[in-house]
Amino acid sequence: MRAIEITESGGPEVLEWHEVPDPPVGRGDVLIDVTASAVNRADVLQRQGFYNPPAGASPYPGLEVAGVVAEVGADVEQFKVGDQVCALLGGGGYAERVAVPWQQVMPVPDGLTPREAAGLPEAACTVWSNVFMVGRLRRGETLLVHGGASGIGTFAVQLAKALGSHVVATVGSAAKGERVRELGADEVINYREEDFAEKVQADVILDIMGAKYLPGNIRALRTGGRLVIIGLQGGRKGEIDLGAMLAKRISVHATTLRSRPVDEKGVIVRSVVDNVWPLVAAGAVRPVVYAEVPMADAAVAHRMLDSGEHVGKILLVR
3 MRAIEITESG
13 GPEVLEWHEV
23 PDPPVGRGDV
33 LIDVTASAVN
43 RADVLQRQGF
53 YNPPAGASPY
63 PGLEVAGVVA
73 EVGADVEQFK
83 VGDQVCALLG
93 GGGYAERVAV
103 PWQQVMPVPD
113 GLTPREAAGL
123 PEAACTVWSN
133 VFMVGRLRRG
143 ETLLVHGGAS
153 GIGTFAVQLA
163 KALGSHVVAT
173 VGSAAKGERV
183 RELGADEVIN
193 YREEDFAEKV
203 QADVILDIMG
213 AKYLPGNIRA
223 LRTGGRLVII
233 GLQGGRKGEI
243 DLGAMLAKRI
253 SVHATTLRSR
263 PVDEKGVIVR
273 SVVDNVWPLV
283 AAGAVRPVVY
293 AEVPMADAAV
303 AHRMLDSGEH
313 VGKILLVR
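Next up, the structure:
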């Protein structure tokens, strides 16, 4: 098969389309003929040499795919050859084929093609596990989403709104703000012009920035609020006001998805299928696709992501 290899750490130019060995299919694996994958911030970090795949994962970038089942391992009963599926990966999505533990495989939601579903697994599993399973967002509460125009952000806005929450999102431009409002955000805050902590009181915050936003996030939380940190774009280390946390009974959670054991990912995946896929099938939550780029031209897609101009997902298609 062919796949995108990272020839060395660096810019998008280090991504090259090469012939590589077919992936081995274990007894509990599903082999997927890939229709499309999607670009995530983690792929950029891996390209730059800052985020290696977990032990046992494919060395190729790509944390999600959709396509058609080509083969199943001897112990797999949940899927069969010919099924249209999408999957959450530890790596290997930028390829013509990928082998995935069956626990991380999902049916394509009703009403979508595999190509349309390719950008859903990482966003859906990240948002559902962090905002709802960890953050325990409830109907009527307020969610603050940082990076509301990103792939994660556009999904979080739609899902929280569909489940009855008041949604506030930070964005970097007026144009992005308008698009995020169209997706359901009740309020948008331009972080280049306004201090979000002065504008909102939230019950749950989904944060991709880390240290830079830590003081503001504590200020922006209501009593009993929950801060869930899933990214460190603003740094790894910061000071936290424990007095403010005590006074407001705030909890802070920091999570990753990629490195979790297969069984833990499987719990999240099954919960997404049960709770999120019906909303996707009903049209309440939809994929937001900024661009489709041939997989062999992954460097072009990475340049798009690096520019910061996109809204939603950039897909790699075959």
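The sequence shown begins at 3 in my numbering and counts up one residue at a time.
The beta-carbon is built from N, C-alpha and C at its ideal position, and this holds for glycine as well.
Being a predicted model, the structure only gives us computed values, none of them experimental.
Could you say which of A158, S175, N277 lies nearest to H168 if we only look at CA atoms?
-> A158
Give the C-beta separation of G69 and L91 to the nearest angstrom, bearing in mind that I take them to be a contact with Cβ-Cβ under 8 Å.
-> With 8 Å as the limit, G69 and L91 do not qualify as a contact, their Cβ atoms being about 12 Å apart.
Under the three-state reduction of DSSP, which class applies to V46: helix, strand or coil?
-> helix
What three-state label does DSSP hand E18 in the structure shown?
-> strand
Does any heavy atom of the ligand MN sit closer than 7 Å to the C-beta of A76?
-> In terms of ligand content, the structure shown is empty, and the ligand MN therefore cannot be addressed.
Segment contact flag, the region 147–164 with the region 205–221, C-beta cutoff 8 Å, min 3 pairs | yes
Secondary structure at E86, three-state DSSP: helix, strand or coil?
-> Reading off the sequence, residue 86 comes out as Gln, not Glu. Here Q86 sits in strand by DSSP.
Leaving out the 5 sequence neighbours to the left and right, which residues in its chain are closer than 7 Å to Q105 when beta-carbon positions are compared?
-> V264, D265, K267, G268, V271
If T144 and Q203 are in contact, beta carbons under 8 Å, what's the gap, nearest whole angstrom?
-> 7 Å
Is it true that the CB of A89 sits closer than 8 Å to the CB of G28?
-> No.
Alpha helix (DSSP H) segment containing H255, residue limits = That residue, H255, is in no alpha helix (DSSP H); its beta strand (DSSP E) goes 253–256.
Straight-line CA distance for E124 to T172?
-> 21 Å
Per DSSP, E7 is paired with what?
-> E18
Reducing DSSP to helix, strand and coil, say where R117 ends up.
-> Helix at R117.
Could you pull out every unbroken alpha helix (DSSP H) segment of at least 4 residues lying fully inside the region 173–205, listed in chain order?
-> 176–184, 198–201
Where do the N-terminal and C-terminal ends of the beta strand (DSSP E) with V36 fall, by residue?
-> In the DSSP annotation of this structure, the continuous segment of the beta strand (DSSP E) that includes V36 starts and ends at 31–40.
Nonlocal neighbours in the same chain, by C-beta distance under 7 Å from A151, ignoring five residues either side | V173, K178, R181, V182, V313
According to DSSP, residues forming a beta bridge with D24 = In the DSSP output, where bridge partners are listed per residue, D24 has none listed.
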